[in-house]
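Scroll down for the structure; my scribbles are underneath it.
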Amino acid sequence: MALVIVSLDEIMNNYNVWQLVAAVSKIRDLEVLLEKLCDQSNMRDVYIRKPFISQMVRPALDYCRDQCQKIELHGALHRLGGVLWGNVNAGALTHQELQVQLRELRREIDRELALRRFAFVPLAKAEIHDKFTLHWESAWTVIPESKADTIEAIDCYALGLNTATVFHSMRVAEKGLRRLASRLRVALIHKGHSSPLEYAEWDPVLTACKNKLSEAHKLPKGPRREKQLQFYSEAADHCTYMKDIWRNNVSHARKTYNDGEALGAFNRVHDFMDFLAKGLKK
195 MALVIVSLDE IMNNYNVWQL VAAVSKIRDL EVLLEKLCDQ SNMRDVYIRK PFISQMVRPA
255 LDYCRDQCQK IELHGALHRL GGVLWGNVNA GALTHQELQV QLRELRREID RELALRRFAF
315 VPLAKAEIHD KFTLHWESAW TVIPESKADT IEAIDCYALG LNTATVFHSM RVAEKGLRRL
375 ASRLRVALIH KGHSSPLEYA EWDPVLTACK NKLSEAHKLP KGPRREKQLQ FYSEAADHCT
435 YMKDIWRNNV SHARKTYNDG EALGAFNRVH DFMDFLAKGL KK
């Protein structure tokens, strides 16, 4: 599997390079067929008939056009959508003329590919990248605001941007922390005024959560309340661990990370978010 970045506006777009190879192969196969018809059947100057166009030419051109759109091969698209496509639909090309046009199309694709940059993703990373959504759906259902950063974290991991993976993973964890604080009805005060959770640092939010839990532990409680307090306490402990191990270091540019460390951070955040989502559901 390989990835090509075709847009920087949103998350990384995935593209399987074999699709482009298949598109070029279809064009080349059609060229070979036309060459045989020209040489062996004396159809060089014969206009292409509609059945051949609908069964052989259009499917190959349609597939090629789709792939060129996905990786923004504008020159090839211009050739496909201009004279070539119009003349094919009108049945105005001979077998030899179409053969020449297809050859020029392949050359245009070659020229444009020299200006494109592809990122190779090792198979092990590709498998993790392709299947990670299966493990995150429950967390996204309960804490949907964490989804964008989760996707950016795994995209960064696939591309070898390990420190960025940890950074986005911590942003995911922070969304979980704020949801935990909201469930505990934590109120933050800064300089005598109420402070919104979304603008607070980890330390004040964590401290407020733990203070709230300490107060709750002093109150009478039954089995159900005890179980709830245990869940909230464990969730807060998760946050403290991640803050001490990763969040502070990556936020203050104290450390860079390798593949294993990045995946470890991402998986630890997943465990926390999954734990938190299951608890909040109850």
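Just so we're on the same page, our numbering is the position in the sequence shown counted from 1, plus 194. We put the beta carbon where it would ideally sit given N, CA and C, even for glycine. Since this is a predicted model, take the numbers as computed values, not measurements.
Per DSSP, Ala381 is not a residue of any alpha helix (DSSP H), being assigned neither H nor E. Straight across, the Cα-Cα distance linking Lys472 with Leu353 is about 31 Å.
By DSSP's assignment, Ser388 forms a beta bridge with Ile383. Taking the C-beta atoms as reference points, Leu400 is found no nearer than 9 Å to Thr450.
Here Tyr451 carries a coil assignment [DSSP, helix/strand/coil]. For Phe425, the enclosing alpha helix (DSSP H) covers residues 417-436. By alpha-carbon distance to Leu307, the top candidate from Ser332, Leu255, Leu271 is Leu271.
In this structure, the straight-line span from the alpha carbon of Trp212 to that of Arg300 is close to 16 Å. In the DSSP assignment, Ala342 falls within the alpha helix (DSSP H) that extends over 341-352.
Annotation: the continuous alpha helix (DSSP H) that includes Ala318 extends over 317-325. A Cβ-Cβ separation of about 15 Å leaves Leu378 out of contact with Ser389 under the 8 Å criterion.
Listed in chain order, the alpha helix (DSSP H) elements of length 4 or more contained wholly in the segment 244-328 are 252-264, 268-273, 279-284, 289-307, 317-325.
Rounded to the nearest whole angstrom, the CA to CA distance from Asn236 to Ile242 is 13 Å.
Comparing alpha-carbon positions, the option among Asn208, Asp223, Ala429 lying closest to Gly370 turns out to be Ala429. By the Cβ criterion, the segment 289-297 is not in contact with the segment 320-328, since fewer than three pairs of Cβ atoms, one from each stretch, lie closer than 8 Å.
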